[in-house]
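This note's numbering numbers the first residue of the sequence shown as 2 and each following residue consecutively. Remarks on the structure that follows.
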Amino acid sequence: MSALRLRLRPRAAIGAEAARAGRTGDRILFALCAGAGLLAVFVLGEVVYQVISGARPAISKFGLGFLVHSRWAPNFSAFGAAQALVGTVITSIIALSIATPLGIAIAVYLAMMAPPAVRTVVGPLVEMLAAIPSVIVGFWGLIVFSPFVANHIEPALHNVLGFMPLFGAAQTTGFSLLTAGLVLTIMVLPIIAALSRDLFLTVPVELTEGAAALGATRWEIIRGVVLPTTASGVAAATVLGLGRALGEAIAVLQVVGDGTGIHSSLFQPGETLAARIANEFTSPESKLHIPSLFYLALILLVIGLVTSVLARMIATRFDVHRSLA
Numbered sequence: 002m003s004a005l006r007l008r009l010r011p012r013a014a015i016g017a018e019a020a021r022a023g024r025t026g027d028r029i030l031f032a033l034c035a036g037a038g039l040l041a042v043f044v045l046g047e048v049v050y051q052v053i054s055g056a057r058p059a060i061s062k063f064g065l066g067f068l069v070h071s072r073w074a075p076n077f078s079a080f081g082a083a084q085a086l087v088g089t090v091i092t093s094i095i096a097l098s099i100a101t102p103l104g105i106a107i108a109v110y111l112a113m114m115a116p117p118a119v120r121t122v123v124g125p126l127v128e129m130l131a132a133i134p135s136v137i138v139g140f141w142g143l144i145v146f147s148p149f150v151a152n153h154i155e156p157a158l159h160n161v162l163g164f165m166p167l168f169g170a171a172q173t174t175g176f177s178l179l180t181a182g183l184v185l186t187i188m189v190l191p192i193i194a195a196l197s198r199d200l201f202l203t204v205p206v207e208l209t210e211g212a213a214a215l216g217a218t219r220w221e222i223i224r225g226v227v228l229p230t231t232a233s234g235v236a237a238a239t240v241l242g243l244g245r246a247l248g249e250a251i252a253v254l255q256v257v258g259d260g261t262g263i264h265s266s267l268f269q270p271g272e273t274l275a276a277r278i279a280n281e282f283t284s285p286e287s288k289l290h291i292p293s294l295f296y297l298a299l300i301l302l303v304i305g306l307v308t309s310v311l312a313r314m315i316a317t318r319f320d321v322h323r324s325l326a
């Protein structure tokens, strides 16, 4: 009996030691994850604090009227965000309205229709498009795309839809809100396409095969199984694309032109919040110039945060309805 106890004690000690090591590893993992989460919250809070602090003089001077005034004259200490705000909204809408359906279509093709050889080649190319620096895209837009828009796209749209104020008289330069929106489309498209493709590949095979066994066509499987299953993820991908569209400065600055005032035509030059901040932050011309740029940054930050929260609420609501169905 004593010999048996001698043999059992080391095994029990080893088990206890392993259990203590496992608990220690769990604590370390928890601490690392909690620290990473707290770090993200701290960085976000610090960014918000610094932006608000920098914008406080402009907020005190102009108040909410800053949002509706369009005049921007640093030499006369006249600042208003309306023109840049409208330009940001218009270019983002153009980018998302084109990139979202096109990106989803690319993702559906790569995930469900493309042969493996095509998927292996085209998939990485789509992801590489997202890795191109924005200054390169902007330079390409400045040299190649803007003349193409001026000579072909704007005249064609004007000939067909010229009765609408949005497509008024075409310009000859190609530097316009439309060009900026199309360049943003190129930058947003690979984000939505790559993320949506990965989401579509995670749909359980049992769901698609079960629908096919019941006689569903490929389109019915995509419409009734794949898209509803991944809708929340696709919404998140779209929000990421929107964040890229809202915050892009260099590429937009190179193709949007330098317009003054708010125009109804997409063919007129304009500006965006991010482009104006990038263009003027290094050369202030009055005491309130930098605080006004911080005010623009605060507006951009609020738009991004509100959009993310709304998208998450919509996705959560959709998931709840789907789970109850």
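For each residue, glycine too, the CB sits at the ideal point set by N, CA and C. What you are looking at is a predicted structure, and each value in this text was computed from that prediction instead of being measured.
{"Item": "Helix, strand or coil at Ala35 according to DSSP, with G and I counted as helix", "Value": "helix"}
{"Item": "The stretch 120-138 contacting the stretch 186-205, beta-carbon criterion three pairs below 8 Å", "Value": "yes"}
{"Item": "Sheet register partners of Ala74 (DSSP bridge)", "Value": "Ala79"}
{"Item": "Distance, Ala112 Cα to Ser233 Cα", "Value": "17 Å"}
{"Item": "Neighbour-count burial assignment, Val150, 16 or more Cβ in a 10 Å radius", "Value": "buried"}
{"Item": "Close beta carbons around Ala108, own chain, < 6 Å, minus the five adjacent residues each side", "Value": "Ala194, Ser197, Arg198, Phe201"}
{"Item": "Environment of Gly66 [buried if 16+ CB atoms lie within 10 Å]", "Value": "exposed"}
{"Item": "Val161: first and last residue of the uninterrupted alpha helix (DSSP H) it sits in", "Value": "155-162"}
{"Item": "At least 3 beta-carbon pairs within less than 8 Å: the stretch 173-182 vs the stretch 140-155", "Value": "yes"}
{"Item": "Neighbour-count burial assignment, Leu5, 16 or more Cβ in a 10 Å radius", "Value": "For Leu5, the predicted structure reports a pLDDT of 45, less than 50, and the residue's modelled location is therefore unreliable. A value from the coordinates is still provided. With fewer than 16 Cβ atoms within 10 Å of its Cβ, Leu5 is classed as exposed."}
{"Item": "Integer-rounded CB distance, given that Gly169 should sit under 8 Å from Ser265", "Value": "7 Å"}
{"Item": "Pro270 versus Thr261: straight-line alpha-carbon distance, rounded", "Value": "8 Å"}
{"Item": "Reduced DSSP secondary structure (H/G/I, E/B, other) of Asp199", "Value": "helix"}
{"Item": "Inter-stretch contact at 8 Å, needing at least 3 Cβ pairs: the stretch 290-302 / the stretch 55-70", "Value": "yes"}
{"Item": "Spatial distance of Ser71 from Pro148 (CA atoms)", "Value": "28 Å"}
{"Item": "Rounded straight-line distance, which links the Cα of Gly46 to that of Asn160", "Value": "50 Å"}
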